[in-house]
Amino acid sequence: MVTKLVVEWPLCDGNGVCTIEAPELLLIDDNDNLQVLNEIVVNSLLAKAEAAVRVCPKRALKLVTEG
Ligand code: SF4
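Residue numbering for the sequence shown follows the numbering used here, starting at 472 and increasing by one per position.
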């Protein structure tokens, strides 16, 4: 089973709140755009990914489990 962090890009306004919770997974680049550093969330980062999903004010993040 693989857990992926998925961005619904039309909803994301690049405010960067999620990057505070999970800097290993998410970054705001020099153009103020969100970058997903690791789409696949390893177990050790799952709690941080869940926190990022929770704090996104646009509800633009979700975790999807595959496999
Ligand atoms: S908190 Fe949500 S809206 Fe803001 S950059 Fe992250 S995914 Fe985009």
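Each residue gets a CB set at the ideal place from its N, CA and C atoms; glycine is no exception.
A distance below 8 Å separates the beta carbons of V507 and L496. In this structure, L534 has its CB at a distance of at least 7 Å from all heavy atoms of the ligand SF4. If you draw a straight line from the Cα of L476 to the Cα of K529, it comes to about 15 Å. Within the same chain, Cβ atoms closer than 7 Å to the Cβ of E492 are found at K519, A522, A523, V526, the five residues on either side in sequence being excluded. Here K519 carries a helix assignment [DSSP, helix/strand/coil].
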